[in-house]
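Novice: One structure, pasted below without further comment.
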Amino acid sequence: MIIEQPARFLRWLYPHAIWRMNHREKAVYLTFDDGPIPEATPYILDVLDHLQLKATFFMVGDNVRKYPHLFEEVRKRGHRIGNHTYNHVGGLLYNAWNYLSNVEQAEEILNTGKLFRPPHGWMGPIKYRVMRHTKWRIVMWDLVTRDYSRLLTPQEVLANIKQYTRNGSIITFHDSLKSIDKLKEILPEALQWLKDEGYEFRVFQ
């Protein structure tokens, strides 16, 4: 549960980040990290279209450089775009200003309106303060499905979704090579289950 739903100390570490939306409203926010890539993103878009749902895609700038047609396809289908750095850089590799520079390099092509999620959900307290000072909205998660994990089966990923989703959950999937085989097996069922449970699907404004 520490992984699927973040521990309280993480929420304290980034107190102004967005971890969960309104807990009084039966709504969820679907997010997909690390794309776009041709092996995963088109399939996810087709599933979302079939169920008439919208999501937020936190994109890596260099992937957009490689696959600009996928970036445009996500936008054309009405989904929200978020910034996930240019090179999917970890929070320990760069100093705060180089980290910000990498984010802003991605923003030049993504044009997200300063909606950001740090890779791996970690950026360090100094980077966090710099990002806050420069007016970025930092989106974390209320439920990470762990669709990327080699230790989980597709059905265990589905079980995470059913166990930990709640009102206002920000649900994190990945349009990545590590995740797509599991998503092809369980994503339609997971999203249909959320609909059947009465959740409304929203994107970040």
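In case it helps, this note's numbering puts the sequence shown at residues 3 to 207.
The beta-carbon is built from N, C-alpha and C at its ideal position, and this holds for glycine as well.
Judging by CA-CA distance, which residue of A29, V132 and A108 is the nearest neighbour of D64?
Specialist: A108
Novice: Pull up the distance between the alpha-carbon of P70 and that of G84, whole angstroms please.
Specialist: 15 Å
Novice: Count the other CB atoms, across all protein chains shown, that sit within 10 Å of the CB of Q7; report buried if there are 16 or more and exposed otherwise.
Specialist: buried
Novice: Is DSSP giving N85 helix, strand or coil here?
Specialist: N85 falls in the strand class under three-state DSSP.
Novice: Tell me the residue span of the beta strand (DSSP E) that contains M61.
Specialist: Run containing M61: T58 to M61, per the beta strand (DSSP E) assignment.
Novice: Tell me which residue opens and which closes the beta strand (DSSP E) that T174 is part of.
Specialist: Unbroken beta strand (DSSP E) run through T174: I172 to H176.
Novice: In or out: F11 buried (at least 16 other Cβ within 10 Å) or exposed?
Specialist: exposed
Novice: Tell whether a beta-carbon distance below 8 Å holds between G1 and K137.
Specialist: This structure cannot settle anything about residue 1, because the visible part of the chain is limited to 3 through 207.
Novice: Please confirm whether H18 and G170 have their CB atoms less than 8 Å apart.
Specialist: no
Novice: Applying the 10 Å Cβ sphere with the 16-neighbour rule, what's the burial state of S181?
Specialist: buried
Novice: If you compare alpha carbons, which of W195, D183 and R82 is closest to Y166?
Specialist: W195
Novice: Taking the alpha helix (DSSP H) that A19 belongs to, which residues open and close that run?
Specialist: Note, A19: premise wrong, no alpha helix (DSSP H); not H, not E.
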